[in-house]
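Take a look at the structure set out below.
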Amino acid sequence: MTVARSLPELLESMRDRGLRRGVDPGPMVAADPLPTGQPGLDVALRSGGWPRGALALLDAPTGSGATSLALGSLAACQADGGLVAWLDPFGRLDPSTAARLGVSLEWLLVVRPADPAEALELAGWLTRSRLIDLLVVDLADAPPPRGLERLADRLADLLLRASGTALLLSGPRGAEAVGRAAGVRVALQRLAWLAVGEDLVGQRVSATVTRHRWALPGGRAELDLWFGEGRRIDPLLRSAATPREVTPASAAAPVLPLRVISA
Amino acid sequence: MTLTRTRTRTRLLALVWPALRAPDGPDATTLDAILDRLDDLSPRIEAVGRGVALLDITGLEPLLGDERRVATRAVALARQVTPLPIRAGAGDNRWLAVLAARLARPSTPDAPAAFHALPAGATAARAALAQLSLDLLPVDEATRQRFALFGLTGMGQLAALPRSAVGAQFGVPGERLQQLARGIDPRPLVPRRRPERLNLEAAFEPPAEGLTEIALTLRRLAAELCDTLRARHLAPGRAALRLTLEDAPDLRIELALPEPVLEPDWIARLLIGRLEQAARARQPATQAEEEPRIVTIGLAFDRLANPATRQLPAFEARVGRWEELRWSLERLTMRFGEGRLWRASHDRPSASLPEHRARLVGL
Chain S
1398 MTVARSLPEL LESMRDRGLR RGVDPGPMVA ADPLPTGQPG LDVALRSGGW PRGALALLDA
1458 PTGSGATSLA LGSLAACQAD GGLVAWLDPF GRLDPSTAAR LGVSLEWLLV VRPADPAEAL
1518 ELAGWLTRSR LIDLLVVDLA DAPPPRGLER LADRLADLLL RASGTALLLS GPRGAEAVGR
1578 AAGVRVALQR LAWLAVGEDL VGQRVSATVT RHRWALPGGR AELDLWFGEG RRIDPLLRSA
1638 ATPREVTPAS AAAPVLPLRV ISA
Chain B
699 MTLTRTRTRT RLLALVWPAL RAPDGPDATT LDAILDRLDD LSPRIEAVGR GVALLDITGL
759 EPLLGDERRV ATRAVALARQ VTPLPIRAGA GDNRWLAVLA ARLARPSTPD APAAFHALPA
819 GATAARAALA QLSLDLLPVD EATRQRFALF GLTGMGQLAA LPRSAVGAQF GVPGERLQQL
879 ARGIDPRPLV PRRRPERLNL EAAFEPPAEG LTEIALTLRR LAAELCDTLR ARHLAPGRAA
939 LRLTLEDAPD LRIELALPEP VLEPDWIARL LIGRLEQAAR ARQPATQAEE EPRIVTIGLA
999 FDRLANPATR QLPAFEARVG RWEELRWSLE RLTMRFGEGR LWRASHDRPS ASLPEHRARL
1059 VGL
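Chains S and B are the protein sequences, given in the same order.
For the first sequence, our numbering begins at 1398 and goes up steadily by one.
For the second sequence, our numbering begins at 699 and goes up steadily by one.
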């Protein structure tokens, strides 16, 4: 026979499950999230990946691994059978790099809009088709055009309605304009280079979830982004690589005589 | 001439467009349009390759006159489609007709067409070929050099040799070349199947102004054609819209569909989209004038195929979704213009430079 519990008991049991104020509720899983390609970031997001319906902003200075992370997310999405698109207004996508990081070029739609504003408009069109699982819009570090905020708001609204997901890659200038519309915001910062001897094979970045509409923000993860074979990185290389401290002088470019191994 | 001999005698007309054979020449649709027009002359037409067509003109002499007149008629029909220069040749078989076209020389340098006929009958044809160089045979450089080593330079010399001797020295390909040198080519003409095309037309009285007025009519025409095709288990692969305008040249819009479909709404919407695009392109030239009014609208469906026979995406779900996506991309192209959509191709994975290993290909 089931005994109805009193309200205080129910509240107490909810508190025990982590909903008490100020207590980290632990990882929550959103409905059918898209994997980021980085298990650490999936956990830090507390939603099991990029939530469906989210406009996610990767807030990263140039060279902090935002492109690699986005390509890894595309590859992971494709591995689950998804269709993906890369909107590239500045022609920065290198198909070879994408392929090397595990993206199946056969199922990648590349869109070359005329400018960032058109990129967001095109992203809206593709979202409405409900056939693309993950969109990446590479806004680079270009100055935001007039009306970008309104377009980003509109895209976020469309994504929510169509359960699509879009990643915005933007430098600090663009991030200010579209940051308000983003449901998820992840800040990337390079912590160290990963090197084997004199060869640079990757970089270690910190990813901090600074905003999350579907879960508690504040999660942080350290991600190892490899220049080499992406998701198929050699385990021996992974174990042999050692972190090299990033100095202010080497933050933008590796210090000689280190060589970048990416091919 | 006996009845039996009359029956067995075949005359073929070869038409060659040197400009169409060029790698950067007009695309295959031009030749298709020409062949459609040449259907009026002969029901047996074969597209041999890029820029070469063969017509069976057997028995046309009593109707149209001698072979030169028939060729003139064919050239006139072809030039209604495109004014490209033509070389025409007549012969008893494929080889002789195409060779005659190669031998045709225009009377003046700027003449639009040239015609040459090789005589009818095996003996006469062999005699005509005897004077010609062996270089005209479809032969590779090594074989040509071997012919030269044997002192063979003319077709007559090769034709006069015993077949067994040619076979012993040059094998089966040599025997085939000797047959050609004798004017014998057993390959028959394989007539193309005339592509089926369904047309429907409607007139506006008074003439329609603007696109909104014709959208409903276009939807109705598409629905009627789709109903006809549905009953035959067929679907169109291409739709062509023709608008007859008042005091302006006709406007033609063609839409190649990603796959044969029976969706009148979609087809009409896509055509209207293309039409709006074409109207926008015409706008600057006619800004001062009024928009021309539409007198008639014609819709044609061709490239008919059974939609049920297309391969289903049984093993890869993404194939079906990608095909579906292509419809959206078609609309996207119309809205934003060409050159936006690309697909990456990883065609040289072993290239030494990473940037050469993959490239973007327009969709």
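Virtual Cβ for every residue (Gly too), placed ideally from N, Cα, C.
Source: prediction; values computed, not measured.
- Determine the chain S residues that contact B:G1037 at a beta-carbon separation under 8 Å, and present them in chain order. R1509
- Quick one: what's B:L1058 bridged to in DSSP? B:A1042
- Task: Would you please verify whether the beta carbon of B:E911 is less than 8 Å from any beta carbon of chain S?
- Result: no
- Query: For the segment 856–929 of chain B, which segments carrying the alpha helix (DSSP H) assignment without a break, of at least 4 residues, lie completely within its bounds, in sequence order?
  - Reply: 861–879 and 909–929
- Query: From S:V1420 to S:R1617, what distance separates their C-alpha atoms?
  - Reply: Confidence is the limiting factor: at S:V1420 the pLDDT is only 47, short of 50, which leaves the residue's position unreliable, though a coordinate-based value still follows. Between S:V1420 and S:R1617, the C-alpha separation is close to 16 Å.
- Query: Going along chain S in order, which residues have a C-beta closer than 7 Å to the C-beta of B:S1048?
  - Reply: The premise fails here: B:S1048 is roughly 12 Å from chain S at the closest Cβ pair, so nothing lies under 7 Å.
- Item | Nearest to S:V1583 (by Cα), restricted to the options S:G1445, S:A1457, S:V1440 and S:R1449 | S:A1457
- With 7 Å as the C-beta to C-beta threshold (strictly closer), list the residues of the segment 1470–1489 of chain S near chain B in chain order. G1478 and L1480
- Find the nearest neighbour of S:A1514 within the set S:A1463, S:L1442, S:L1502 and S:V1575, judged by alpha-carbon distance. S:V1575
- Query: Is the Cβ of S:A1495 closer than 8 Å to any Cβ of chain B?
  - Reply: yes
- Query: In three-state DSSP terms, what is S:R1551?
  - Reply: helix
- Thinking C-beta only, is B:H814 closer than 8 Å to B:A798? yes
- Message: Suppose the cutoff is 6 Å on Cβ atoms and the five residues either side in sequence are ignored; what does the same chain contact list for B:D963 look like?
- Response: none
- Skipping 5 residues on each side, what residues in its chain have a beta carbon closer than 6 Å to that of B:R1041? V1059 and L1061
- Query: Got a sec, what are the start and stop residues for the alpha helix (DSSP H) S:P1569 sits in?
  - Reply: P1569 to V1575
- Item | Which residues DSSP lists as bridging B:H931, in chain order | Answer is none; B:H931 lacks a bridge partner.
- Taking only beta-carbon atoms, is S:L1528 less than 8 Å away from chain B? yes
- Query: Around the C-beta of S:A1473, are 16 or more other C-beta atoms found within 10 angstroms, so that it is buried, or is it exposed?
  - Reply: buried
- Item | Residue span of the beta strand (DSSP E) that contains B:F813, given as start and end | A811 to A815
- Message: Does the structure place the segment 1022–1038 of chain B close enough to the segment 1503–1521 of chain S that three or more beta carbon pairs sit under 8 Å?
- Response: yes
- Give the interface partners of S:E1515 over in chain B, defined as CB-CB distance under 8 Å, in chain order. F1034
- Item | Neighbour list for B:R1044 in chain S, Cβ cutoff strictly below 7 Å | The sequence as given places His at residue 1044 of chain B; Arg does not occur at that position. The answer, in chain order, is P1492, A1496 and L1502.
- Are the beta-carbon atoms belonging to B:L943 and B:P889 less than 8 Å from one another? no
- Query: Relative to the C-alpha of B:R1001, which residue among B:L1023, B:E952 and B:D1045 is closest?
  - Reply: B:E952
- Query: What are the boundary residues of the beta strand (DSSP E) that includes B:T708?
  - Reply: Here B:T708 belongs to no beta strand (DSSP E), and DSSP marks it neither H nor E.
- With distances taken Cα to Cα, identify the nearest neighbour of B:A840 among B:A818, B:G872, B:R861 and B:V779. B:G872
- Query: Given 8 Å as the limit, is there contact between the segment 1464–1473 of chain S and the segment 1426–1443 of chain S, that is, 3 or more CB pairs closer than that?
  - Reply: yes
- Message: Less than 6 Å between C-beta atoms, sequence neighbours within five positions excluded: which residues of the same chain meet that for B:T756?
- Response: T708 and R709
- Query: Can you give the Cα-Cα distance for S:D1596 and S:P1640, rounded to whole angstroms?
  - Reply: 12 Å
- When you compare each of B:D737, B:L850, B:V714 and B:L718 to B:A788 by their alpha carbons, which one comes out closest? B:V714
- Relative to the alpha-carbon of B:A712, which residue among B:A776, B:T728 and B:R792 has its alpha-carbon at the smallest distance? B:R792
- Message: Using 8 Å for Cβ pairs, my map puts S:G1521 next to S:G1450. What's the rounded Cβ distance?
- Response: Rounded, the Cβ-Cβ distance is 14 Å, inconsistent with contact.
- Is S:L1585 near S:Q1600, with beta carbons less than 8 Å apart? no
- Exposed or buried, which one is S:E1503 when buried takes at least 16 other CB atoms within 10 Å? exposed
- Please determine if the segment 766–785 of chain B and the segment 857–865 of chain B are in contact, where contact requires at least 3 C-beta pairs separated by less than 8 Å. no
- Message: Taking 8 Å as the threshold (beta carbon to beta carbon), is B:D991 in contact with chain S?
- Response: Looking at the sequence provided, one finds Arg at residue 991 of chain B rather than Asp. For B:R991, the answer is no, since every Cβ of chain S falls outside 8 Å of its Cβ.
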